[in-house]
Each structure stands twice: as structure tokens, then as C-alpha cells.
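J.:
Protein chains in written order, with the numbering used here: chain A, 3 to 380; chain B, 3 to 380.
(1) Identify each residue in the stretch 152 to 178 of chain B for which the Cβ-Cβ distance to at least one residue of chain A is less than 8 Å, and report them in chain order.
(2) Buried or exposed for residue 335 of chain B, going by 16 or more other Cβ atoms inside 10 Å?
(3) Which term fits residue 63 of chain B, buried or exposed, when burial requires 16 or more other beta carbons within 10 angstroms of its beta carbon?
(4) According to DSSP, is residue 88 of chain B helix, strand or coil?
(5) Using 8 Å as the limit for Cβ to Cβ distance, is residue 229 of chain B near chain A?
(6) Going by alpha carbons, who is nearest to residue 295 of chain A out of A/305, A/327 and A/215?
(7) Tell me which residue opens and which closes the beta strand (DSSP E) that residue 174 of chain B is part of.
(8) Considering only C-alpha positions, which residue in the set B/178, B/225 and B/228 is nearest to residue 218 of chain B?
(9) Does residue 264 of chain B come out as helix, strand or coil in the three-state DSSP assignment?
(10) Just verifying my parser: in three-state terms, what is the DSSP assignment at residue 5 of chain B?
(11) With a threshold of 16 other CB atoms inside 10 Å of the CB of residue 337 of chain A, please say whether the residue is buried or exposed.
(12) Hey, out of A/69, A/291 and A/107, whose CA is closest to residue 370 of chain A's CA?
(13) Can you check whether the CB of residue 152 of chain B is closer than 8 Å to the CB of residue 95 of chain B?
(14) Is DSSP giving residue 220 of chain A helix, strand or coil here?
(15) Under 8 Å between the Cβ atoms of residue 325 of chain A and residue 343 of chain A?
(16) Indicate whether residue 33 of chain B and residue 374 of chain B have their beta-carbon atoms separated by less than 8 Å.
(17) According to DSSP, what are the bridge partners of residue 132 of chain B?
(18) Please classify residue 233 of chain A as buried or exposed, where buried requires at least 16 other C-beta atoms within 10 Å of its C-beta.
(19) With residue 76 of chain A as the anchor, note down where its alpha helix (DSSP H) starts and where it stops.
(20) Under 9 Å between beta-carbons, which chain A residues line up against residue 116 of chain B? List them in chain order, please.
(21) Which residues, in order along the stretch 72 to 92 of chain A, keep a beta-carbon less than 9 Å from a beta-carbon of chain B?
(22) Can you give the Cα-Cα distance for residue 174 of chain B and residue 197 of chain B, rounded to whole angstroms?
(23) Based on Cα-Cα distance, which residue from A/297, A/368 and A/380 lies nearest to residue 363 of chain B?
(24) Where residue 80 of chain B and residue 69 of chain B are concerned, what is the direct C-alpha to C-alpha distance, given to the nearest angstrom?
(25) Rounded to the nearest angstrom, what separates residue 164 of chain A and residue 309 of chain A at their Cα positions?
(26) Confirm, please, whether the CB-CB distance from residue 40 of chain A to residue 275 of chain A is below 8 Å.
(27) Starting from residue 34 of chain B and walking both ways along the alpha helix (DSSP H), at which residues does that stretch end?
(28) Just to confirm my understanding: we take residue 273 of chain B, look at its own chain, exclude 5 residues before and 5 after, and list those with CB closer than 8 Å. What are they?
(29) Assuming residue 31 of chain A and residue 52 of chain A are in contact, meaning their beta carbons sit under 8 Å apart, how far apart are those beta carbons, in whole angstroms?
(30) Please classify residue 371 of chain B: does DSSP put it in a helix, a strand, or coil?
(31) Check whether the stretch 99 to 108 of chain B and the stretch 350 to 362 of chain A touch, using three or more Cβ-Cβ pairs below 8 Å as the test.
(32) Rank B/207, B/332 and B/176 by C-alpha distance to the C-alpha of residue 138 of chain B and give the top, closest one.
(33) Consult DSSP for residue 101 of chain B and reduce its assignment to one of helix, strand or coil.
(34) Given a limit of 8 Å on CB to CB distance, which residues of the stretch 286 to 297 of chain A reach chain B?
(35) In the DSSP assignment, the alpha helix (DSSP H) including residue 204 of chain A goes from what residue to what residue?
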């Protein structure tokens, strides 16, 4: 992808100093409308952790989006952006008691959990609230896979939901997550099937959970393109029909990356291009942003962003892409076979595309004395 | 290790909210004096990136320490702490031209480099300065190993040093780094030998480099203890004698972790203890600090901190230790066989020992809406 001369002026001139994440909130709004259309009738909760930029949250409130929050600060940001507390789900299964009380006091009435310990806190600090129990799910096929950190086994989930009801909570539903940037549309079905089994078991003991939260994970185009969102919606719709039949719960989803990633372009400057030996085929290209400045998802080269420069119409050659800190793990791509123009030079701007999610808030406060990533709204 | 009742009061009472990194600057001063005594006559440059806390820098200035800086902000911090510009080495081999000019304007006269491109910038923006060429070194044996991001091959280093002289710079010396938390005292020798060869080659063409910067990497006690610093000093001293004989350059070292790590204790609160299946032997222990809040060096479980609670005199059991964010990679120790008291409960304080280095500045600005790690000085 080659920038036009005008874009270059914007990038290095009007833009000001790099690194800078430029967010186009209209793109986020379009992405919301696209996923809402694909999942007609579903409750769409934007995962605020992907990018909590106030202007972006305001645009999503206006578009009718709901929100998945993970902390006090995210609750405050959503409410400040005009969201109703009823549109908020506290989707993080691990919370301090004070955080639950804080959310409850502000009107939040839907909480995730996956353990007896967490349930006790919700009983104590958010009495009568709706709770959604998170199931352990396989995240095979995801570029940013999930560990066993969240979610419990089915037998435990059944016990926990019954326990929630006994303690005066509303056992509203079940949740699972198939891993972020999940490329395989078939990955949701096993958890939908599992959830349907648990719903039936719970119904036999008189409980009527009514929400299935199928999480996030919906992929975006990076260096490799994803299927259109309709492919994932169709696969989940088919799984819902197959496993729940006519007695379907409401579907809830929590897209974060899908809404925020395409809205962002990170403008970085080439600090140095070097070979470290006369035999090196690859050039080392050092940018002024790296793993500690916002590109944390390049850990293990998991998320591979597309790059654009003003010189992309010339011949290209292999590079190793590294960040600006004096830390030697601050390397983005060493094995992923990236190529950049042979004419690229120090001072040039490299645009890192699709960087609207999981970047700005991941940046360190000041590792090596480099300031955090700046965001600019267009 | 068990806290006394008094320590517990301090930890959870006077300390205020967790997570909080408590830094004892006197410990940092002691560590400086210890390493300065072990490396008698060497120039000790504290690697500011390890912990740039102003009070800590002031204590080191008073103790007579020099500084290794990696950015404008670190230069400003050192000068504000009372350091002389002559005591500063800009040890980061990759800098923006403006950063070199900034350093030069403030009196810095010693710069690292490892490529022709960087050399050109130093010639242009720091004329006449001393330069130290960084060699590629093996970091085998280090807990936080270095990649090939920094350092060039010996033949290139020779050419670069000659080129530096031709362009009016002072080819002051060579540098290498054996990897951080390097436990093996024998790891410095191969690079000392290599540097001695290069010194001799340069002397044959009339150059007289006078500094060997043996970098940092000096290990501290974490869960596993390191050898005393005197063991590393003795090994390096022996290598210097063996390979340089009587015609020895001045030795320069850049300890960061060695000085800062033992000065810090991170106080964290247990947010939740849970089992996620009835078959789980290990408990999941979720703290209010994790990989995105300052414990970045637990990536791949590389740095394994010692833990202390008030309940350590009771029976212990296996745990998986995870952080507070809703990100499933935010796990510190899953395979490292950590154990914590069976009586541990949510709300308890866990002290993470030896956390003075590479923690506070690694913390994210606000991932998941959690504020950055707070530092408190004692």
C-alpha cells in the first residue's frame, strides 16, 4: 500500500510528532453497524478494553451500542460518554469487592463470574443482580488464544448457577470466549452445544437462564484477511438453531477488536536502518514505537499488522522490525518474513494499519523514558 | 518468608491501596557500594531504565554513581537529580537525531552505536564526542536473554571505529552485554577476549581505544539465589588480565537490576482464589498486579520473584498466579510450581520481593482501566 503525497504530508506534517495513533471514530461506528446487521437481534456489548477513547465511546453510544466493562475506570468512561448503566455488563469474572459495590452503586446490574468466591462477592455487594457464568472454552485457532484463566467446567457452572439463584441473584445466562482474532467460524459451535446442554439441565431444576454470551474474538483484516463478519454470524446462528432449536436464549456478543482495530492507524518514524554484519541479508528497521509503546500484541509475532510507507511502489527487501527501547525483547517481527522498501530511510514514516485495538492502553507509562503512545482523533 | 504482625499492618494499613511498589533507596545505595567495591576502579554507570525514580537517582548521585541513559527523559532525570553531564553515557545504540542533539546540548559526550547509520547521526549532532561501539555477544545462560537487536560483528566494529576516527569522533571503546540476570560468571570472558583482539587490531592502525564497557546483567537473588557479586567481578578481572595483560583499558559496567531490584517490594492484594474445575489440584490466585501492571518480566516465566505472605508458617499448596486484567495472557506463573499458603484468602496482601527493577516503568498506562503501578519511597 502506498501513501499519496498528500497523505505523506498529513502523516509527517500536520500529524506532528510520532508515534501517534490516529483514530477515525466513524470507522468504529461503521464496524458497529456492520456487526449489528450481521447479528440481527443480538445484544452487542463493545469490549471497552480494546480502546476506551472517549470520542470513540461517544460515537458508539450514539450508534446504540452497549458496553462490556472490566474496571471502575471503564464504567466511568462509559457513563461519561452517555451510556445508560443498563447498557453495561461487568464482563470481567474477577473483581475486587469494592469494584462490584462501585458498579452496583452506579446502576450496573449484570456481572460475570466463574467461581464460588466471586459469586459470594456479588451476593454481598450487588444483591439481586443478574449473573452470567463463564464456561471454559477451547480457543484453538485464535491468533491471540485464551488460557484457562477464565471459565469453569460445565458441572461446576451448573452448581454455581443454582447457588446464585439460592442466594437471591438472577442466574441470567452463560458466557464463553473462543479467543481473540479467532479466524475459524466453526470454533463457536462446540461451546454453543455445551451451553445448550447446561441450559437444559438447569431448566430441569426450574431455572430459566435467558442469555447466551458468545463473547468476542471476531477477527479483522491484518496482514492476513479474515472472512467477512457475516460468515461468523451465520456459523453462530446455525449453531444456535442446531443446539437450542426453538427455545433460544437471547444472544449477546462482546466485540472489541472488530470495532476498534480498523479505526486506528499508528504513525511511526524510522529511527535507524542497519545491518549488524556484512553477511546479513535482512536489514534491521528500528521504529519509534514497539512492544512497550503499544504494540504488545506482537508478542510471539501473534498479531501481524499490515504496514504502509510512501515508498511501497519500489523494490522491497526483508527486514526485522524492532522498537525504540534499549530492551532487546522489544522486537516486533523477526520470523514473520516482513518486507519493506529498499529505499526506506531513517526519518521516513511507517503507517501500521489496523492498530485501533489493544494498543494505546497497553503502552507503558514510560519504559526507557519514552512517553506513552499519543492518540489523535479524526 | 513470613511477615511479622507489624509488617502486615504496614503492608495493608499505612501503605494504603495496593498495588504499590515500595522502594527503599538505602538498599539501592548499599547495592551500589557493594558492586563498586567488587569492581574497584571500574566506572559504574547505573542503567536508569531499571528504575528512574528521582529519589533513587539522588541517592546514587550522592554515592558517586554514574549513569547509563537511554532517552531524553532519562537525561533530564539524571541532571535534575544532580548528576554531572560528564557522568552520563548515552548507552542506547539507537537514537533519533534530535535526541543526540538534545543530549549534546546538555553536555553528554559519550554515545553508544553499532552501525554506520547511527555513527552518521552522532557525527552530525554530537561532533567530537566519544563513541563506544557495541559488539554482538552471546547471552546464553541469562534469564532475560538478549537478542541480536544490538551489537555488530567484530569486522564491522573495526571498520566503524576507524570510520568514527576519520569523521572526527573519539573512538573511545567497545561495549558488549551478556544478557540480563546472567547467572554464569564465565559468560563475560568470550566477549572480553573478542574485545581484546579488536583493541589490538585497532592499535595496529594507530587507534587507542581506552574503555571496555562490559555492560550489565549482574544477577540478584530472586526465587533462586545468584552468586555473590564478587564472583562475577573476579571472573571479569581474570578475563581482563588474561586477554589484555598489562595494557588494560578502563573497565566500565552498567548495572541496573543489581542496584534497583533488591530495593523494591511490590505489595499486591489477592483479588480472588478459585478452582475452575472440581478436579483442579492447583488454585488460581488472582492478584491486583500482573503482567500489564508492572510484572512484564514474568513473560515466559523468565523472572521468578520470591513471594511472602503473613500466612507462610502454615501448610502450602500449588497455585497458578495471575494478574487482574481481563486479558488471558495476564498470567505470571503457571508452570513454575509456585506454592502459597492453603489458608490464603481474598483480601490478603502478597509481597513480591526484589521488584525494584523493570517494574514501575513497564506498567501500562491503563490497560483494562487499571491505573499504573504506584511507587512509594521509604
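The C-beta atom is built at its ideal place from N, Cα and C for all residues, glycine as well.
All of these numbers come straight from a predicted model, not from anything done at the bench.
T.: With the given structure in hand:
(1) 152, 153, 154, 155, 157 and 158
(2) buried
(3) buried
(4) The answer is helix: DSSP assigns residue 88 of chain B an H, G or I state.
(5) Against chain A, the CB of residue 229 of chain B has no partner CB under 8 Å away; the residue lies outside that interface.
(6) A/327
(7) 172 to 177
(8) B/178
(9) helix
(10) Because residue 5 of chain B carries a pLDDT of 38, less than 50, the predicted location of this residue cannot be relied on, and the following value inherits that uncertainty. If DSSP states are grouped into helix, strand and coil, residue 5 of chain B belongs with coil.
(11) Looking at its Cβ environment, which holds fewer than 16 other Cβ atoms inside 10 Å, residue 337 of chain A is exposed.
(12) A/291
(13) yes
(14) coil
(15) no
(16) No. Outside cutoff.
(17) Answer is B/112 and B/172, bridged to residue 132 of chain B.
(18) exposed
(19) 74 to 82
(20) 276 and 278
(21) Of all residues in the stretch 72 to 92 of chain A, 72, 73, 74, 75, 76, 77, 78 and 79 have a Cβ within less than 9 Å of some Cβ in chain B.
(22) Their backbone Cα atoms lie some 13 Å apart in a straight line.
(23) A/368
(24) In this structure, the straight-line span from the alpha carbon of residue 80 of chain B to that of residue 69 of chain B is close to 7 Å.
(25) 50 Å
(26) no
(27) 27 to 40
(28) Closer than 8 Å at the Cβ level, and outside the excluded window around residue 273 of chain B, lie 288, 289, 290, 326 and 348.
(29) Going by Cβ atoms, the distance from residue 31 of chain A to residue 52 of chain A rounds to 15 Å, so no, they are not a contact pair.
(30) helix
(31) no
(32) B/176
(33) helix
(34) 286, 288, 290 and 294
(35) 191 to 206
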